[in-house]
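Chains as they are written, first to last, in our numbering: chain E, 1 to 113; chain X, 114 to 227.
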């Protein structure tokens, strides 16, 4: 069964304290791995797409990396406005031949001033 | 522009009401999605339309009825809902339903069933 697991469930950081979020996956056919940011009561905001092991993408204080079994979202010198839930999702091929996203349960990040 | 719009932002309805949620995108995307999201849970896929045809129905109860009038619009018709259907309903679109394309989400409709 296709599965995506994120850790930790919640993370509290001080402003400027760098850390990493983990997304591990077990899927039969990975088409792409996606990172989203979601603020409370709002829709997920697309951050990055990664396709192959060794690939890296950066945006401001965020950097996403991918291996064959997991992805990391590194947050460098976070600010309070980085507080949000970060969702990881993988694109998979279903047994019907159609494709969909499988989401992890997310990491809730709180950055204190 | 990567904007997906949804209306209304909030909706309160009784269990005997009929209402509709609307979604629109102008990115030329050929796949559109409805998701349901409960508090502190990830989005759950409900329906997928590809080239205006229903491609995936994740065993959603018939009180939810999707409609895709054209390539830019997606509706979700609601009838005889239950209180447990209260949730954030998200629309998304992607270039195609190939799992390699990112999905862009709208802001959601917060639905409360009384």
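From the three backbone atoms N, C-alpha and C, an ideal C-beta is built for every residue, glycine too.
Residue 4 of chain E sits buried, since 16 or more C-beta atoms from the chains shown fall within 10 Å of its C-beta. DSSP links residue 123 of chain X through a beta bridge to X:223. Annotated as distal: residue 150 of chain X and residue 224 of chain X, with beta-carbon spacing of 8 Å or more. Around the beta carbon of residue 111 of chain E, 16 or more other beta carbons sit within 10 angstroms, so the residue counts as buried. Each residue's CA atom was taken as its position, placing residue 63 of chain E and residue 157 of chain X some 26 Å apart. Counting only unbroken stretches of 3 or more residues, the beta strand (DSSP E) elements lying wholly within the region 40-101 of chain E are 45-50, 56-59, 62-66, 70-75, 84-93, in sequence order. Listed along chain E, the residues sitting closer than 8 Å to residue 158 of chain X by beta-carbon distance are 100, 101. In the structure shown, residue 137 of chain X falls within a strand segment according to DSSP collapsed to helix, strand and coil.
Comparing alpha carbon positions, the residue from X:191, X:187, X:170 closest to residue 139 of chain X is X:187. Among the residues facing chain E, residue 216 of chain X is included, as its CB has a counterpart in that chain under 8 Å away.
Bounds of the beta strand (DSSP E) holding residue 32 of chain E are 30-38.
Counting the other CB atoms within 10 Å of its CB gives residue 217 of chain X a total of 16 or more, which places it among the buried residues.
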